[in-house]
Structure formats: C-alpha cells, structure tokens
Amino acid sequence: MARPVIAKDYKEAARIRDTLKLFEDEEPVLRLMRALKDAVADERFEDAAKYMDELKLLAPHALLKCSSDATTLGVRVQVRSVYIEDRPSKGQTLR
1 MARPVIAKDY KEAARIRDTL KLFEDEEPVL RLMRALKDAV ADERFEDAAK
51 YMDELKLLAP HALLKCSSDA TTLGVRVQVR SVYIEDRPSK GQTLR
C-alpha cells in the first residue's frame with residue numbers, strides 16, 4: 001500500500017486499504033485476532049481470554065508468530081503472516 005501512497009495514487013491506496021479491511025472482516029481468524037488485540041489494548045482481559053480460547057479452537061496455528069523483516073536497497077519490508085486453513089484453492093479468487 002505504500003507504493004500507491006508514495007506515487008500519490010490515493011484512490012488506489014484507498015482501494016487496497018478497503019480490500020484488506022473487507023478481507024479482515026470476513027475472515028473469522030483475522031476478526032478474532034483483531035478483537036483480541038483491541039481487548040488487550042483496552043485492558044478487557046476477560047474478553048481477551050475468551051478470544052484467545054476461541055482462536056485456539058478455531059485455528060490453533062493462528063497464534064504462531066510468523067514474520068520477517070528485511071532491508072533491500074534501502075527499503076525496509078516487514079511481513080506478518082497467518083496460517084488459515086480452508087482457503088480457496090489455486091485458481092480461485094477472494095473477490
């Protein structure tokens with residue numbers, strides 16, 4: 001999303017942002033992870049524990065930390081990934 005912003009293509013940046021938000025809203029694992037993060041930030045620890053338990057049941061691998069951080073040609077790239085079972089097979093799109 002940074003490339004459209006740097007190029008001042010704000011319409012494309014907004015489209016990418018909205019697509020990512022839609023995907024996060026529709027994917028139960030990502031929705032629970034967001035709720036967990038928000039609950040911890042708001043110090044609602046009972047809710048956070050509930051979300052953690054739901055995540056453990058729904059997708060035990062989702063709680064693994066998978067990330068990378070690299071700098072190439074002066075550009076720092078950070079990637080965080082989440083394993084989600086039962087995604088569309090190759091050739092299917094998420095749109």
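In the UniProt record's numbering, the protein residues as written are 1 to 95. Built from N, CA and C at the ideal position, the CB exists for glycine as well.
Best match in the options for proximity to residue i [C-alpha to C-alpha]
{"i": "Leu55", "options": "Leu30, Glu43, Gln78 and Ala70", "result": "Leu30"}
{"i": "Pro60", "options": "Lys8, Leu73, Met33 and Phe23", "result": "Met33"}
{"i": "Ser81", "options": "Met52, Leu73, Ala35 and Glu24", "result": "Glu24"}
{"i": "Val79", "options": "Cys66, Leu36 and Lys50", "result": "Cys66"}
{"i": "Ala39", "options": "Met52, Glu27 and Pro28", "result": "Met52"}
{"i": "Ala48", "options": "Leu57, Lys37 and Leu58", "result": "Lys37"}
Limits of the unbroken beta strand (DSSP E) element including residue i
{"i": "Ala35", "result": "Unbroken run through Ala35 is the alpha helix (DSSP H), Pro28 to Ala41; no beta strand (DSSP E)."}
{"i": "Asp69", "result": "Cys66 to Thr72"}
Delimiting residues of the alpha helix (DSSP H) encompassing residue i
{"i": "Asp47", "result": "Phe45 to Leu58"}
Any chain D beta carbon closer than 8 Å to residue i
{"i": "Arg76", "result": "Protein chain content of the structure displayed is limited to a single chain, and chain D is not contained in it."}
Per DSSP, the bridge partner or partners of residue i
{"i": "Arg80", "result": "Ser67"}
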